[in-house]
Amino acid sequence: MKSKCPPSGTKPKEPLVNATAMINGFEDMDADGCDAKNHEPMQRKQRRAEPRRKAGGSHSGGGMQCRRNKHFSWGSGQGARLADLRAFASGLVILLCGMVASASAVTFDMTEIGNPGNANALSGLGAVNTTFRISTYETNNTQFAEFLNTSTIGKSNQYSIYDANMGSNAQNGGITQSGSAGSYSYAVKSGFEDKPVTWVNWFTAARFVNWYANGGKDVSSTETGSYTLDGKTTGDIVARNAGATAFLPNTNEWTKAAYYTAGTSTYTVWPTGQDTKPTGTVTDMTGNNVANFGVIGNVQQVGSYANTTSSYGLFDMLGNVNEMTDNQGTGANAGKYAAMGGGWGNSTTNINAFTSNLAPVDGSYRLGTAASSSLGFRVATVAVPEPSTYALAGMGMLGMMGMHLAKRRRLAAVPMILGC
């Protein structure tokens, strides 16, 4: 059973690798090569130029021919290759350190959705040609409050990213606001830390994703990145930009994460990993096919239904809150997005619309400005190599650098051994 993650939003640890120190180490390697030139044995510096050897002739110097050791140059040949290697290794160090140092103030427990190239479900959705990752849990109040407190637009509540219902709705709003414009601060209500954030509209969720994708810092842009918003708060939702690294999942990605079973290349009927209809409950959460819908209740802590997950191990893909996607519908639903998975307010009857056999019905589509107590989101990202992959690459590069340095020093020592 997958264990529940602690509330997110803690600051990242300091980088374990110091880029400046490592790159300075590469500079020292160059300096060693220069020192080998500047500190050649005296007899080499004072020795007369040797005559060019003639074919078949004798050599006036007699004895072993002593040729000046050829030092690497940084313009061609082996020296150029070493320079390229050094530049690449330096870039790798910067990349490694940047990945750690630029970590967002918000963190997610992510699940990889692999098996690219799968077919659609009966609904005509679910085919995804790339591996991606998606948050294991719905975005919670702790994570969203970190965004509000850290981002520049949160301090001023620009674009109304904080909805007053977050504070006034006793059952489903989990964040309070204090202070004045320009210096607003936000606090999570007691007991709501791990409940899904609600009263967020699509444009606000897209701004959260932009901020997260751009580093999750106070100066990180909320208007560009995954979605080009440029102040937009109404109208049609915005298309995902090419090359986006974090995003709201589209309907295909969400469908695959919720219903697809990699081992059998099939789809379960329900996003609980089951083909039989689940039970809606807020009292018995220990079953393996239960969810928060169809009862008089409210949002529950994410991951509360600990034994009920999608085939990939995602929690609350059915019920709790409806989840946003980022692709527009067609026809009457153009400009809107499909809210997937149903929420705590969905009845037992209309929850039947949220199966892998049916495409989203008209009632599932929302305007970008819609916000409610049963609407939330989760974040998806591109797949990234495991940290161990970067570490192995880095070790390999450093090893190659060491081998080249050792070879240079051995060659520099040859004239001294020969007495030249």
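First residue of the sequence shown: -10, per the working numbering; consecutive thereafter.
A virtual CB, placed ideally from N, CA and C, is assigned to each residue, including glycine.
Whether or not the segment 177 to 189 and the segment 206 to 220 are in contact is what I'm after, with contact meaning three or more pairs of Cβ atoms, one per stretch, closer than 8 Å; do they touch? no
Is the distance from the Cβ of valine 368 to the Cβ of threonine 128 below 8 Å? yes
Just to check my reading of the structure: alanine 275 and asparagine 296 have Cβ atoms closer than 8 Å, yes? What is that Cβ distance to the nearest angstrom? Note on residue identity: the sequence assigns threonine, not alanine, to residue 275. That pair is a contact at about 6 Å.
Could you check what DSSP says for arginine 249 in three-state terms: helix, strand or coil? The displayed chain sequence assigns tyrosine, not arginine, to residue 249. The answer is strand: DSSP assigns tyrosine 249 an E or B state.
Looking only at C-alpha atoms, which of Ala170, Ser172, Tyr151 sits nearest to isoleucine 411? Past the edges of the chain, shown from -10 to 409, lies residue 411, and the structure says nothing about it.
According to DSSP, threonine 298 sits in a beta bridge with which residue or residues? Phe304
For asparagine 104 and threonine 119, the rounded distance between their alpha carbons: 8 Å
Give the DSSP bridge partners of methionine 99, in chain order. Ser124
How do the segment 324 to 339 and the segment 277 to 285 stand: do at least 3 beta-carbon pairs fall below 8 Å, yes or no? yes
Candidates Ala342, Val186, Tyr173: which alpha carbon is nearest glutamine 290's? Val186
Leucine 364 - partner residues in DSSP beta bridges: Asn311
Near tyrosine 301, which residues of its chain fall below 7 Å by C-beta distance, leaving aside the five closest residues on each side in sequence? Thr100, Ile102, Ala246
Quick one: grab the DSSP three-state call for isoleucine 150. coil
For glycine 224, collect the residues of the same chain with a Cβ closer than 8 Å to its Cβ; drop the 5 residues on either side in sequence, then sort them by chain order. Gly324, Gly357
Through-space distance from threonine 253 to glycine 113, alpha-carbon basis: 18 Å
CB contact flag (threonine 234, threonine 370, <8 Å): yes
Considering just the uninterrupted stretch of the alpha helix (DSSP H) at alanine 134, what are its terminal residues? 130 to 139
Locate the alpha helix (DSSP H) running through threonine 193, then write down its first and last residues. 191 to 202
Proximity of serine 345 and threonine 244 at Cβ, strictly below 8 Å: yes
Does the beta-carbon distance from valine 198 to serine 215 come in below 8 Å? yes
So the beta strand (DSSP E) isoleucine 285 belongs to, where does it begin and stop? Taken as a continuous stretch (DSSP letters only), isoleucine 285 belongs to no beta strand (DSSP E), as it is neither H nor E.
CB-CB length for serine 140 against tryptophan 200, believed under 8 Å: 5 Å
Could you have a look at methionine 274 and say whether DSSP puts it in helix, strand or coil? coil
Could you check which residue in Asp351, Ala342, Leu303 has the C-alpha nearest to that of tyrosine 326? Asp351
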